[in-house]
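Take a look at the structure set out below.
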Amino acid sequence: MFAAKPVNLRNQQVEGLFRLLFGIMMVVLIVPVLMIIVMLVYKGGPAFSWNFLFTFPTDGMTAGGVFPALLGTIWLVVVSLLASVPLGVAAAIYLSEYAQQEHWLTRVINLATINLAGVPSIVHALFGLGAFVLFLKFGTSILAASLTLAVMTLPVVIVASWESLQAVPRAFREACWNMGATRWQTIRQVVLPNALTGILTGIILQVSRAAGETAPIMFTGAVFFLPFLPAGVFDQTMALALHLYTISTQVPNVPESLPFGVALLLVGMVLIMNSTAIMFRMYLRGKKKW
Amino acid sequence: MVNFALQAKEDQHPDGSAAPGSDAPVQLAVNKLEIRYGGMVALSGVSLDIRQNEIFGIIGPANSGKTSFLNAINRMDMMRSNMTVTGDIHFNGVDIRQWRNVYALRRQIGVVFPLPVGLPMTIYDNVALAPRLSGKNLSRQALDDLVERCLRRAALWDEVKDRLNSLGSLLSGGQQQRLTIARALSQEPKMLMLDEFSIAVDPVTTMRIEDVLKELRQEMTIILVTNLVQQAQRLAHRTAFFLNGECVEIGETEALFSGQVKDSRTQDYIEGKFG
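Protein sequence lines correspond, in order, to chains A and B. Here the first sequence is numbered in the working numbering, starting from 1309 and rising by one per residue. Here the second sequence is numbered in the working numbering, starting from 6 and rising by one per residue.
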């Protein structure tokens, strides 16, 4: 009575086949990531030391540490965030809360923002060179490089913030408006507190992207080598990503462990920041209020 | 609990006070109201007066323009780019478009939605939100008193008095709906508009809320949009029947339900032949 009919057997076979197929795809995806990390730790691990993190490069960048590059990357990320976060979140609030959602202009702007996120970083680099270095006369400096990074990350900050704002149920807004709240009161009291998780996650993910980019900073503020640390935003700086490029391709006789060490540091920073973002998101999700 | 239903059948208004007569002062005067969304007409040609301290029922199937009617009164057309309202609405004798401060108008009119909206903040903050938004700087004590009073009037106080600091959005559906009513009351409104409040609420809670409304109407005017014909019969002094964006009929509830209707569609709807 419960014997499988041929059609059932066939369905089971197909089910098994697809299960296997998707499983293989997952392995194909995971293996390179694991191999990269294992390789980096194996080859770059020996280079890691207190001195590696906190001293200057020596002997024509074939020995010594990466301190100025590490500090430079932190400079670039922090300054670019200071520019992109307030601008991006404000723009997202306008697009999500004030602009007429059905208006053609709003749609065009939304579409443009999403497309802007897909512009190659080298194009942003050239834009930064023209706009910040030459036109605004910031010169090649941390400021120009950070603003270029900010322009590059801005669309993604806007889209991530917009999406988290839109995820707050419309009923909350209606309830507030009907109580006699202004739009800003509604945003301040109800919408923003509930959208904060998503906005922060979006921002942290952008930090890791900004930290890893080479092209946008190459023409606008980062240099191969500096014998001193930057003192302000109008100075040039070294940066980890560019340093890695330099010692892997431009400098002869670099011991193998050095570029791997830099790569490990860069990937480690990104991994730590991303996991922090994910953990933070999980923590706030646990406190999710509706 | 069964008593609620029986009681309601025996006596429409257990509070004992008489319904406001036709000479009662008008709370809300609507004249030739038309509401459109883009090119689509949601409601047209509605003229009616709602008297102070009456419970005014609005019945009708979905897409009749009932909710749009409430939205127009609260000037929600300002928040929606495609909603246009023509005709006049006078609240307390003043054209609602003449109110310079639309936020003050909205504070005088409390709204309860079909699905309970417990805002994701504590129970206390839910009720204290409106007074805080209005810029009245109430002392902690005054605010505490107001919160307690509103929760008591919404018949929720006994259930939540020990956990005012827990999240309002985690209450059950019926509790959240009473929380919504408490929140609407915290505005100290002159008029309360309920939009199918019982849609997501169990029958027992529905009866409790109906009792609350009978009490409240002594202090304020109530517009009760409802999908339950019997609910209008139990509560409303007068009832309007909306159908497909048209106000088909307005009459004393008792008269409508005893067959004195001018339009056969009203009769059919009340008898459940459609809708």
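All residues carry an ideal CB built from backbone N, CA and C; glycine is no exception. Since the model is a prediction, treat every value here as computed from it, not as a measurement.
| query | result |
| --- | --- |
| With a cut-off of 8 Å on the beta carbons, I'd call B/L229 and B/S203 a contact; round off their distance for me. | Incorrect: roughly 10 Å between the Cβ atoms, too far for contact. |
| The alpha helix (DSSP H) that contains A/R1517, what's its start and end? | L1500 to G1520 |
| Can you check which of these residues, B/E276, B/S191, B/V35 and B/Q181, is closest to B/I94 by C-alpha distance? | B/V35 |
| How many Å lie between A/V1385 and A/C1484 at the Cα? | 37 Å |
| At a Cβ threshold of 7 Å, is B/G70 touching chain A? | no |
| Measuring straight from C-alpha to C-alpha, what distance separates B/E259 and B/F247? | 17 Å |
| Interface residues of chain B around A/T1505 at Cβ under 9 Å? | By Cβ distance, chain B contributes nothing, its closest Cβ being about 12 Å from A/T1505, past 9 Å. |
| Select from the segment 1395–1415 of chain A all residues with a C-beta closer than 8 Å to any C-beta belonging to chain B, and list them in chain order. | Q1408, Q1409, E1410 and H1411 |
| For the segment 121–144 of chain B, list every residue whose C-beta sits within 8 Å of some C-beta in chain A, in sequence order. | V122, G123, L124, P125, M126, L134, A135, L138 and S139 |
| Can you confirm whether the segment 1511–1529 of chain A touches the segment 1350–1364 of chain A when touching is taken to mean that 3 or more C-beta pairs between the two stretches lie within less than 8 Å? | no |
| Return helix, strand or coil for B/P19, following the three-state DSSP convention. | Bear in mind that the predicted position of B/P19 carries a pLDDT of just 45, short of 50, making it unreliable; the figure below should be weighed with that in mind. Of the three classes helix, strand and coil, the one that applies to B/P19 here is coil, per DSSP. |
| CA-CA distance, B/S171 and B/N131? | 11 Å |
| If contacts are defined as beta-carbon pairs under 8 Å, then A/N1423 and A/L1403 qualify, I think. What distance do you get, rounded to the angstrom? | That pair is no contact at about 15 Å. |
| DSSP on A/P1599, reduced to helix/strand/coil? | Within the shown structure, residues of chain A are numbered from 1309 to 1598, placing residue 1599 of chain A beyond reach of any answer. |
| Can you look up B/A245 in the DSSP assignment and give me helix, strand or coil? | strand |
| Are any of the Cβ atoms in chain B nearer than 7 Å to that of A/W1485? | yes |
| Please state whether the Cβ-Cβ distance between B/Q103 and B/T226 is less than 7 Å. | no |
| Tell me whether the segment 1438–1447 of chain A and the segment 1363–1382 of chain A touch, counting them as touching only if at least three CB pairs, one residue from each stretch, are closer than 8 Å. | no |
| In three-state terms, what does DSSP make of B/D28? | coil |
| Alpha helix (DSSP H) containing A/V1441: first to last residue? | Element bounds for A/V1441: n/a, residue is neither H nor E. |
| Taking only the alpha-carbon atoms, compute the straight-line gap between A/T1421 and A/T1456 and give it to the nearest angstrom. | 16 Å |
| Distance, Cα to Cα, A/S1392 vs A/V1416? | 21 Å |
| Note the first and the last residue of the continuous alpha helix (DSSP H) segment covering B/T271. | S269 to I275 |
| Looking at chain A, is there any beta carbon in it that lies within less than 7 Å of the beta carbon of B/P203? | In the sequence as displayed, the identity of residue 203 of chain B is Ser instead of Pro. With 7 Å as the cut-off, B/S203 does not count as an interface residue toward chain A. |
| Report yes or no: do the segment 137–154 of chain B and the segment 200–214 of chain B share at least 3 C-beta pairs separated by less than 8 Å? | no |
| Which one of B/E59, B/G92 and B/I64 has the shortest CA to CA distance from B/R41? | B/G92 |
| How would you write the range of the beta strand (DSSP E) that A/L1451 sits in, first residue to last? | Run containing A/L1451: none in the beta strand (DSSP E); it sits in the alpha helix (DSSP H), I1450 to A1475. |
| Under a CB-based cut-off of 7 Å, is A/V1498 close to chain B? | yes |
| Would you mind working out which of B/Q235, B/F262, B/L197 and B/T231 sits nearest B/L96, comparing C-alpha positions? | One point to set straight first is that residue 96 of chain B is Phe, not Leu, in the sequence displayed. The option with the nearest alpha carbon to B/F96 is B/L197. |
| Verify the CB distance criterion: does B/R111 have a CB-CB separation below 7 Å to chain A? | yes |
| Leaving out five residues on either side along the sequence, give the residues of the same chain with a beta carbon under 8 Å from the beta carbon of B/A133. | L148, L151, V152 and S191 |
| Check whether the Cβ of A/Q1493 lies closer than 7 Å to any Cβ atom in chain B. | yes |
| According to the neighbour-count rule (16 or more other Cβ atoms, all chains shown, within 10 Å of its Cβ), is A/H1411 buried or exposed? | exposed |
| Identify whether A/V1341 lies in helix, strand or coil by the three-state DSSP scheme. | helix |
| Taking Cβ positions only, does A/N1502 come closer than 7 Å to chain B? | yes |
| For B/S263, is the classification buried or exposed, using 16 other Cβ atoms within 10 angstroms of its Cβ as the cut-off for buried? | exposed |
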